[in-house]
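Trainee: Once you've had a glance at the structure underneath, I'll fire off some questions.
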Amino acid sequence: MPGHSQEAVISTGSTTAITPESWAYAEAYLDEDQAAARARQRAAEVGAVPVGQGGAAALRLLAATLEARTVVEIGTGAGVSGLYLLAGMRDDGVLTSVDIESEHHRLAREAFAEGGFAANRVRLIAGAALEVLPRLTDGAYDLVFCDADKAEYGDYLDQALRLLRPGGVVAFDNALWHDRVADPAQRDPETVTIRELCRTVREDERLMPALLPVSDGMLVAVKRPQ
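Mapping to my numbering: the sequence shown position 127 is 127, numbers consecutive.
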């Protein structure tokens with residue numbers, strides 16, 4: 001119409017697949033600070049696989065958007081994801097991080113100290129996630145990040161729904177699982193579990209989800225107000 005600006009309209013079927021070059025550019029879009037880079041190096045030394053750089057940046061963004069004061073992390077690793085979560089949280093926020101490996105906690109403490117975070121900003125709990133999580137308070141958390149045993153992802157979702165306040169967010173790393181989830185021919189137990197998790201989250205009316213193509217994929221969902 002005359003006098004009206006024209007806008008480009010992109011149909012659903014016209015989406016162009018991202019190239020490896022564009023994906024690498026997006027992953028490295030934000031520089032990683034020295035504390036996170038050193039934590040990533042220590043993780044490699046002990047065989048812990050941390051969230052990718054793009055996924056870590058998404059976690060920091062989520063924590064900042066929520067103005068998160070209380071966060072649960074399932075899978076401490078060497079502290080990479082914890083550094084990003086703490087950077088996005090409020091200054092008085094406390095990160096509760098659960099891991100079965102005491103060595104991972106030791107490395108994470110080192111990372112948090114290097115990152116300048118006070119010891120009272122982090123509560124590290126050693127133990128199996130499904131034994132620890134039921135002891136945490138219902139509805140008391142702004143964000144739950146899951147990055148541990150893939151076979152337990154469905155159980156982590158059940159716990160997250162109990163732990164989150166209305167409007168809180170649950171996030172799962174490795175939601176694309178090395179490009180296997182999108183391939184129906186892949187039927188290994190981890191792939192099947194994550195594929196079923198994605199379906200469950202999508203169909204749960206208590207949740208508003210999105211599957212983010214960052215790092216190895218991150219499934220995020222907001223817990224709707226009751």
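Each residue gets a CB set at the ideal place from its N, CA and C atoms; glycine is no exception.
Predicted model only: the values in this text are computed from it and were never measured.
1) What do you get for A221, buried or exposed, if any count of 16 or more other CB atoms within 10 angstroms of its CB means buried?
2) Would you mind listing the beta strand (DSSP E) stretches within the region 23-89 that are 3+ residues and don't spill past its ends, in chain order?
3) If I'm right that V214 touches G54 with Cβ under 8 angstroms, what's the distance once you round it to whole angstroms?
4) Which residue's Cα is closest to the Cα of A35: D173, E110 and L59?
5) Which same chain residues end up closer than 8 angstroms to R60 when comparing Cβ atoms and leaving out the 5 residues on each side of it in sequence?
6) Drop a sphere of 10 angstroms on the beta-carbon of V46, count the other beta-carbons inside from all chains shown, and report buried for 16 or more, exposed for fewer.
7) Counting Cβ pairs, one atom from each stretch, are 3 or more of them under 8 angstroms apart for the region 146-159 and the region 117-129?
8) Mind checking G79: buried by the 16 CB within 10 Å criterion, or exposed?
9) What did DSSP end up calling A210 once you bin it into helix, strand or coil?
10) Candidates A151, E27 and T19: which alpha carbon is nearest D216's?
Mentor: Walking through what the data contain:
1) Position 221 of the sequence shown, counting from 1, holds the residue named residue 221. Buried, because 16 or more other Cβ atoms sit within 10 Å of the Cβ of A221.
2) 70-74
3) Along the sequence shown, one-based indexing puts residue 214 at 214. Along the sequence shown, one-based indexing puts residue 54 at 54. Between G54 and V214 the Cβ distance is about 4 angstroms, and since that is below 8 angstroms, they are a contact.
4) The sequence position of residue 35 within the sequence shown is 35, counting from 1. If we check each option's Cα against that of A35, E110 comes out closest.
5) Your numbering for residue 60 matches position 60 in the sequence shown. Y84, L85, A87 and G88, listed in sequence order.
6) Along the sequence shown, read from residue 1 onward, the residue named residue 46 stands at position 46. It counts as exposed.
7) yes
8) The residue given as residue 79 occupies position 79 in the sequence shown. It counts as buried.
9) Taking the first residue of the sequence shown as 1, we reach residue 210 at position 210. Reduced to three states, the DSSP call for A210 is strand.
10) Numbered from its first residue, the sequence shown carries residue 216 at position 216. Taking only the C-alpha atoms, the option nearest D216 is E27.
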